[in-house]
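Worksheet: one structure, shown below.
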Amino acid sequence: MPTNEPELIAAAQKGDVPSFNQLVRAYQSIVYHTAYRVLGDGDAASDATQDAFVNAYKNIRSFRGGSFKAWLLRIVTNSCYDQLRAKQRKPTASLDALLIDPDNPAPGLGEAREESPHDHAERSELAYWIEKGLQTLPYDQRITLVLSDIDGFAYEEIALATNTNVGTVKSRLSRARAHLREFLLQQQELLPASYRLKNRMEETKNLRIENV
Amino acid sequence: MFNRKNRIQDLDSYVEERLSEYIDGTLSDQDRAIVEAHLAKSERARESLDSLRYTISLLKQTTAPALPRQFTLPVTLRAPAQGTPAWLLWGLRGVAVAATAAFVILLTATLLRQPNGGIANAPAALSQTQLPVNVALAPTALPYAAPARNSVTANPPTAAPAAGAAPQMITIEAENAEPVFPITETPFAAMSKALPTEAPLPTMEFIPTPLIQSQPTSQPNTQIPKPTTGPSGVNSDANAAGSSAPTGGLPALAPPTKEQPTSPNEPSESTSEAATSTIQAPTQRTTSLQMPEGVVNVSQLRVRRGPGVEYRAIGSLRLGERVRVSGRNSSTTWLEIEYPRALETEPGWVGATFLEVNAPLENLPVVEPPPLQEPGETPTEALPSGESKIDTPTPEMTGEPTNSNFNATPEPLESPTPLH
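Heads up: the protein sequence lines correspond to chains A and B, in order.
Per our numbering, the first sequence starts with residue 1, numbered consecutively.
Per our numbering, the second sequence starts with residue 1, numbered consecutively.
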């Protein structure tokens with residue numbers, strides 16, 4: 001069994017499933033996490049993840065080098081999109097409307113989480129709102145934001161994964177971040193004072209938490 | 001012409017739009033200068049920058065949800081495309097072949113002791129220590145890899161182990177190699193045809209390669225280097241029928257040294273394969289030697305009398321145990337196996353997703369479910385099928401095939417047509 005990625009990929013391209021499964025194990029967390037953040041639903045994320053890996057295996061021979069992770073995430077992006085389309089109950093005209101149900105702007109969030117934010121000790125309220133906020137974003141912005149700020153991709157990789165150019169990525173990312181920021185600020189009234197974004201920012205200024 | 005107010009507002013917007021890139025450090029020098037100059041003058045801009053930075057930092061800190069299950073693909077998946085021909089790959093893996101050969105010899109020898117029909121003149125070939133290996137190494141017709149692959153490489157521990165529910169988990173993350181694989185999985189039917197002579201095997205499924213001497217050691221396994229179960233699907237493809245040598249009394253089976261008292265393909269597992277028991281007692285096992293073999297890929301797998309949770313359990317198997325697979329139900333959600341008992345085996349059924357079988361499942365004969373006897377019995381631990389795609393990570397998995405998301409996913413997983 002080859003142990004490094006290029007060898008595993010080569011073996012998988014020859015049809016060796018166990019080698020491919022090594023790749024699956026290496027990437028399934030990030031793939032699932034991405035799908036989960038994009039789709040906001042555990043079951044949908046599972047489906048998208050599985051579809052993505054099956055498609056990746058089917059098309060493995062079309063991988064010609066470069067970042068396997070980016071190549072894979074592109075497949076994941078498509079799988080997520082397919083999941084969203086599959087789950088739409090009503091056809092709509094615009095792309096954004098198609099992917100955000102106005103009556104349920106955060107679809108699946110309620111089902112995906114088994115615990116309410118209240119009794120989930122480990123996660124902060126803020127994390128909950130992050131998830132919720134992500135679901136309010138239009139799909140393109142959401143996927144861009146997830147790929148950039150959760151998966152850590154560079155603009156070029158995101159452009160490849162979403163089949164656009166860097167300029168589009170930059171503008172989507174900028175808007176996505178701003179939207180999410182606005183969403184969080186709006187929740188201030190709903191959150192206890194200690195969780196207010198503004199206050200948090202004051203604290204972090206002192207702590208220099210900024211990861212960016 | 002801009003009046004001053006407009007310029008400021010324009011500048012506000014201009015900078016605002018570029019804060020994201022400023023944070024990423026991808027602005028041009030000129031733009032960066034403009035932004036920094038503005039930031040110095042505008043508190044509003046600074047606040048905007050801070051809140052943006054903070055939002056991003058929150059995103060970066062989001063924790064990944066636990067993996068609900070493993071997303072590995074079943075080994076029976078068809079290769080995406082045919083690569084190099086099997087024989088070529090064989091040529092490249094002499095060592096593996098040699099080791100495999102040795103193994104197969106032993107197995108064959110072992111099994112030949114049984115007066116089962118099938119393989120006629122294996123002894124001749126076997127004594128030459130040639131065939132078996134080739135036979136054992138099925139061509140890409142069985143595009144699947146050794147079930148229990150020892151992942152030598154460190155796998156990032158995912159949440160899977162915790163869950164214990166990994167229906168598709170193929171690798172046994174055990175340290176020790178399971179060298180048995182390459183051997184044990186021989187396409188018996190083919191093998192039996194091929195064995196007859198030393199002559200080149202029918203090209204169809206066998207790769208005539210010279211064998212190395214069979215090792216008389218009793219632990220052929222250990223000689224099989226891990227790479228044997230190499231990336232080539234061919235290698236593993238060899239693993240078809242169980243660890244059995246061709247059935248058929250081959251009395252002439254050569255040197256006693258080849259015959260090992262212990263089942264060579266069961267170095268560590270307790271599932272007494274037919275090989276083990278048959279060595280002692282030459283019970284008739286006409287079909288068992290031609291059967292494919294399956295390896296358990298969950299921590300514990302319940303074995304039932306019939307293909308359904310309504311049948312009572314007759315026992316269980318552990319992760320890594322091997323059993324011969326004798327059939328399936330019509331929907332291929334359950335597999336009939338030979339569940340090993342003390343001196344023999346009895347038919348049992350397990351959920352199909354929990355066995356990694358070294359042959360395409362569709363080739364298995366469809367077996368009629370036994371009658372549901374003992375109407376008084378209630379099914380135990382019936383999973384709410386369809387609800388969850390994951391088997392509950394209880395210490396004992398019932399192995400019920402829920403509406404396996406696997407079976408529900410795109411056909412390629414089960415389709416016999418090659419994926420291209």
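Yeah, the Cβ is synthetic: ideal placement off N, Cα and C, and Gly gets one too.
Everything numeric in this text was worked out from a predicted model, so none of it was measured.
Whose Cβ in chain A lies nearer than 8 angstroms to the Cβ of residue i?
i: Ser20 (chain B); result: Lys170, Leu173, Ser174, Arg177, Ala178
i: Leu67 (chain B); result: Gln28, Ser29, Tyr32
Determine the extent of the beta strand (DSSP E) in which residue i is found, giving its start and end residues.
i: Arg328 (chain B); result: 322 to 328
i: Leu335 (chain B); result: 334 to 340
i: Pro347 (chain B); result: 345 to 351
i: Gln300 (chain B); result: 300 to 304
Can you list the residues of chain B that residue i reaches, using a CB-CB cut of under 9 angstroms?
i: Leu184 (chain A); result: Ser51, Tyr54, Thr55, Leu58
i: Gly42 (chain A); result: Pro65, Pro68
i: Ala161 (chain A); result: Result: empty, since nearest Cβ-Cβ is about 17 angstroms, beyond 9 angstroms.
Where does residue i fall in DSSP's three states?
i: Glu156 (chain A); result: helix
i: Pro18 (chain A); result: helix
i: Pro292 (chain B); result: strand
i: Glu17 (chain B); result: helix
i: Glu356 (chain B); result: strand
i: Leu173 (chain A); result: helix
i: Val366 (chain B); result: strand
i: Gly167 (chain A); result: helix
i: Asp41 (chain A); result: coil
i: Asn78 (chain A); result: helix
i: Phe63 (chain A); result: coil
i: Phe71 (chain B); result: coil
i: Asn55 (chain A); result: helix
i: Asp151 (chain A); result: coil
i: Thr162 (chain A); result: helix
i: Leu372 (chain B); result: coil
i: Gly308 (chain B); result: coil
i: Arg85 (chain A); result: helix
i: Ser29 (chain A); result: helix
i: Ser28 (chain B); result: coil
i: Ser331 (chain B); result: coil
i: Ala33 (chain B); result: helix
How about residue i: is its C-beta nearer than 7 angstroms to some C-beta of chain B?
i: Tyr27 (chain A); result: no
i: Ile130 (chain A); result: yes
i: Tyr81 (chain A); result: no
i: Tyr139 (chain A); result: no
i: Arg181 (chain A); result: yes
i: Ser67 (chain A); result: no
Could you say which of the options lies nearest to residue i if we only look at CA atoms?
i: Gln141 (chain A); options: A:Ala11, A:Gln187, A:Tyr81; result: A:Tyr81
i: Gln187 (chain A); options: A:Ser174, A:Leu72, A:Tyr128, A:Gln13; result: A:Tyr128
i: Val38 (chain A); options: A:Ile9, A:Ser67, A:Asp151, A:Leu160; result: A:Asp151
i: Val31 (chain A); options: A:Ser62, A:Ser174, A:Gln135, A:Ala56; result: A:Ala56
i: Lys87 (chain A); options: A:Asp43, A:Lys14, A:Ala26; result: A:Asp43
i: Glu21 (chain B); options: B:Glu293, B:Leu49, B:Leu11; result: B:Leu49
i: Pro422 (chain B); options: B:Asn358, B:Pro307, B:Thr55; result: Outside the shown range of chain B (1 to 420) lies residue 422 (chain B), about which nothing can therefore be said.
i: Lys60 (chain B); options: A:Thr168, A:Ile130, A:Thr164, A:Leu184; result: A:Ile130
i: Arg324 (chain B); options: B:Ala359, B:Tyr311, B:Val298; result: B:Ala359
i: Glu157 (chain A); options: A:Ser67, A:Thr49, A:Gln22; result: A:Ser67
i: Gln50 (chain A); options: A:Ser174, A:Leu84, A:Val76; result: A:Val76
i: Thr63 (chain B); options: A:Asn21, A:Trp71, A:Val146, A:Val24; result: A:Val146
i: Arg328 (chain B); options: B:Arg318, B:Leu67, B:Pro347; result: B:Pro347
In chain A, which residues lie less than 7 angstroms from residue i when you measure between Cβ atoms?
i: Phe71 (chain B); result: Val24, Gln28, Thr49, Gln50, Phe53
i: Glu17 (chain B); result: Ser174
Report the neighbours of residue i on chain A: residues whose CB is nearer than 9 angstroms to its CB, in chain order.
i: Val75 (chain B); result: Val17, Pro18, Asn21
The alpha helix (DSSP H) that contains residue i, what's its start and end?
i: Ser316 (chain B); result: Ser316 (chain B) -> not in any alpha helix (DSSP H); beta strand (DSSP E) instead, spanning 313 to 318.
i: Val146 (chain A); result: First-last for Val146 (chain A): undefined, no H or E at that position.
i: Thr55 (chain B); result: 43 to 60
i: Gln187 (chain A); result: Segment: none, Gln187 (chain A) is in no alpha helix (DSSP H) and carries neither H nor E.
i: Ala11 (chain A); result: 5 to 13
Of all the CB atoms in chain A, is at least one closer than 7 angstroms to the CB of residue i?
i: Thr62 (chain B); result: yes
Looking at the C-beta of residue i, does it have a partner C-beta in chain D at a distance below 7 angstroms?
i: Ser62 (chain A); result: Reference to chain D is not applicable here, since the protein chains of this structure are A and B.
Counting only Cβ pairs nearer than 8 angstroms, list the residues of chain B close to residue i.
i: Ala86 (chain A); result: Within chain B, no residue comes near Ala86 (chain A); the closest Cβ sits about 13 angstroms away, beyond 8 angstroms.
i: Leu145 (chain A); result: Leu59
Taking residue i as the query, report the chain B residues whose CB atoms sit under 7 angstroms from its CB, ordered along the chain.
i: Ala70 (chain A); result: Chain B residues near Ala70 (chain A): none, gap ~17 angstroms exceeds 7 angstroms.
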